[in-house]
Amino acid sequence: MPEKIDCAVIGAGVVGLAVARELALAGREVVILEAEGAIGTHTSSRNSEVIHSGIYYVPGSLKARLCVEGKQLMYRYCAERGIAHQRITKIVVATGEAQVPELDKYKQQAEANGVNDLRMLTRGELRRIEPEVAAVAGFLSPSTGIVDSHALMLACLGDAENRGASLALNSRVESGRVTADGILLNVGGTEPMTVVCNTVINAAGLYAQDASRRIEGIPAATIPPTFYAIGHYYTLTGKSPFSRHVYPVARRDWHGVHVTVDLGGRCKFGPDFEWIDRVDYRFDESREARFYAAIRDYYPGLKDGALQPGYTGIRPKLGGPSQLVADFMIQGPRDHGIAGMVSLYGIESPGLTSSLAIGAYVRSLLAGE
Ligand SMILES: Cc1cc2nc3c(=O)[nH]c(=O)nc-3n(C[C@H](O)[C@H](O)[C@H](O)COP(=O)(O)OP(=O)(O)OC[C@H]3O[C@@H](n4cnc5c(N)ncnc54)[C@H](O)[C@@H]3O)c2cc1C
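Take 49 as the starting number for the sequence shown in our numbering and just add one per residue.
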């Protein structure tokens, strides 16, 4: 007989862990099933760790709503739990006059999303606060920050475990079936098992569509196609010449080669953007010249040889090259007709910022709200 469990969360990235925490705090018995031998080894440890303010997302979208809610929850949670973070702030800059109208568009969009603290900066103010940045205009986003994402994941896991949740590592969900008694999952790995669950949350990140396709009974028409886009980061040797994140005006759905200042006062540049057809984190060093050129557009002082290859991350995209901007897709029972099932697709940026708000949102979907 398969073991009966109340609630299984597939995936121990930041989103799965935040959802597990939320459900455990609500009194649910939670088991987190993670394919790898540790938590957060995929997108949750291959990102910029920025607490986004909510500027870039289409007003009314889930991304806009969950980012702004998530940011507030994140600052509060980090303070309560002693998770390393900093409201380091960010400037968005135009390097030529033609880009200046874009700054106004961002400001209006941010205000529509409830981000009302952006402050326009003159060239002189920019030079004073970030002397290394060459730009004609910009704005300051005071609520943008940086967080230790691993500490955040450990805190979420700790909260969930304190409420009785358990984490099963090396436990890949191989297949499953929707039955009259609940959702049956066949779990492989070192200790294979079959479980029947009242509730299943699919938070498998880059593999969420794959996991859904393996569960018989999830209507195929509800599973979106999978697209991947890789981003590379280069690090700068030595101390950061900037005191805050610096973003050039964005190019379509990504933020250009921007600067992120980390909690140790160092900085990295990236991510860039390229479509790929499978998950492969290898670093392509042939991009170096492109990075130097893009960075020197706003940081002319960048010295030859200063950049070092860093790491890559892969965005789980819902739209391909023809539809660059897509919203998070979070399907509850009303969307696919399966009681107790929630599937999360396309949780790219700002998924880290939104993670605690996504947890609350998933709980509300399960409650039929
Ligand atoms: C380059 C890049 C930069 C980013 N920068 C930021 C940023 O600065 N700020 C921000 O807010 N967001 C950012 N994001 C987005 C953020 O990192 C993600 O939204 C977030 O980490 C997604 O977390 P997740 O838990 O959904 O996925 P993941 O972290 O990928 O976790 C999914 C987990 O599911 C497991 N899994 C997969 N299949 C199975 C299975 N069948 N059975 C069991 N387990 C399985 C995987 O092993 C993995 O551990 C960035 C993303 C990228 C790619």
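Just so it is clear, CB atoms sit at the ideal spot from N, CA and C, and this is done for glycine as well.
- When distances are taken from the beta-carbon of Asp-258 to the heavy atoms of ligand 1, the shortest one is below 8 Å.
- Secondary structure within the segment 279 to 315: not one fully enclosed alpha helix (DSSP H) run of 4 or more consecutive residues is present.
- The alpha carbon of Gln-379 has as its nearest neighbour, out of Asp-352, Pro-272 and Glu-84, the alpha carbon of Pro-272.
- Taken from the Cβ of Cys-204, every heavy atom of ligand 1 lies 8 Å or farther away.
- Listed as beta-bridge partners of Gln-134 by DSSP are Ile-194.
- When distances are taken from the beta-carbon of Arg-225 to the heavy atoms of ligand 1, even the shortest one reaches 8 Å or more.
- Short note on His-198: C-beta not closer than 8 Å to any heavy atom of ligand 1.
- The Cβ-Cβ distance between Ala-56 and Ile-87 does not fall below 9 Å.
- Fewer than three pairs of CB atoms, one per stretch, sit closer than 8 Å, so the segment 302 to 319 makes no contact with the segment 110 to 123.
- No heavy atom of ligand 1 is found nearer than 8 Å to the CB of Pro-50.
- Apart from the 5 residues on each side of it in sequence, Ala-199 sits with its Cβ closer than 7 Å to the Cβ of Ile-131 and Ala-132 in its chain, given in chain order.
- If you compare the alpha carbons of Ala-74, Gln-156 and Asn-95 with that of Gly-358, the shortest gap goes to Asn-95.
- Within the same chain, Phe-275 and Ala-277 come within 6 Å of Lys-365 by CB-CB distance, once the 5 residues on both sides are set aside.
- In terms of CA proximity to Ser-93, Ile-362 leads the group Gly-265, Lys-351, Ile-362 and His-293.
- Nearest neighbour of Ala-182 by Cα position, chosen from Leu-65, Pro-348, Ala-374 and Tyr-393, turns out to be Pro-348.
- Non-local beta-carbon contacts of Arg-211 in its own chain, meaning distances under 7 Å to residues more than five positions away in sequence, involve Ala-72 and Leu-73 in chain order.
- The Cβ atoms of Thr-401 and His-100 sit closer than 9 Å to each other.
- An exposed status is given to Glu-128, since fewer than 16 other beta-carbon atoms sit within 10 Å of its beta-carbon.
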